[in-house]
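In the working numbering, the protein residues as written are 58 to 284. Quick reminder that beta carbons are idealized off the backbone N, C-alpha and C, glycines included.
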């Protein structure tokens, strides 16, 4: 039986070595990607230039625990899985802003277990390498918000110009809410093809914003330098 124990130990050691090498590879990919500036298709702003109301709306709708988790919100994942199996609720997304940024920047949109595992690992590595402010601002400057022909709209600043012909800082709350609403699906909530869908989604964003803005602002102030 000694040979069996040795074999198991060697297999365990091999798994650890292979997994460590894979993590090191993923870390290199993440570091290389996010050390580079955004390309010319993005109109970039500093985080301090992003409207505070927009930041609050984004966090309320997409990731209320952004400043508490380390890239993956395990509590939210547990809750979604529990609701799915115990309460027959639909399996909705539990991706953090960090995970969304990884998916949009480095991965395909295929819903496979391998892709989700890579997304989670790379999100953890991203947060271990860069600070929250950089991640949040990178997301705000690069998130996909629509398309016209071959022209893709990335980032809130460019989306403000594209949809409203205005600077982001000059938009009223209802227009900021419209941009946040588009994150869920720029095609599904297309402003001209599906205006009623977009209006309902925008109104939901505003409703959540007014309900939770004090709470989310308090959390932001605890964890960031920009409030």
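Within 10 angstroms of the Cβ of residue 216, are there 16 or more other Cβ atoms? Answer buried if so, exposed if not.
The residue in question, residue 216, is buried, as its Cβ has 16 or more Cβ neighbours within 10 Å.
Less than 8 angstroms between the beta carbons of residue 211 and residue 202, yes or no?
Contact: yes.
With a threshold of 8 angstroms, are at least 3 pairs of Cβ atoms found where one atom belongs to the segment 247 to 258 and the other to the segment 103 to 122?
The segment 247 to 258, when compared against the segment 103 to 122, does not touch it at the 8 angstroms Cβ threshold.
Please classify residue 171: is it buried, with 16 or more other beta-carbons within 10 angstroms of its beta-carbon, or exposed?
Result: exposed.
Quick one: using the 10 Å Cβ neighbour count with 16 as the cut-off for buried, is residue 189 buried or exposed?
With 16 or more other Cβ atoms within 10 Å, it is buried.
Can you tell me whether residue 212 is helix, strand or coil according to DSSP?
Residue state, collapsed to three classes: coil.
Closer than 6 angstroms by C-beta to residue 133: which residues in its own chain qualify, once you throw out the five before and the five after it? Chain order, please.
Result list for residue 133: 151, in chain order.
Kindly indicate which residue of 204, 265, 218 has the alpha-carbon position closest to the one of residue 249.
Ranking the options by Cα distance to residue 249, first place goes to 204.
Work out the CA separation of residue 117 and residue 265 for me, nearest whole Å.
One C-alpha to the other measures close to 7 angstroms.
For residue 204, does the three-state DSSP call read helix, strand or coil?
Strand.
For residue 245, which residues in the same chain have their Cβ closer than 8 angstroms to its Cβ, ignoring the five residues on either side in sequence?
Correct list, in chain order: 251, 254.
How many whole angstroms separate the CB atoms of residue 183 and residue 155, which I take to be in contact at a CB cut-off of 8 angstroms?
Yes, they are in contact, since the Cβ atoms of residue 183 and residue 155 sit about 6 angstroms apart, within 8 angstroms.
Measuring only the C-alpha atoms, how far is residue 91 from residue 220?
Straight-line Cα distance between these residues: approximately 28 angstroms.
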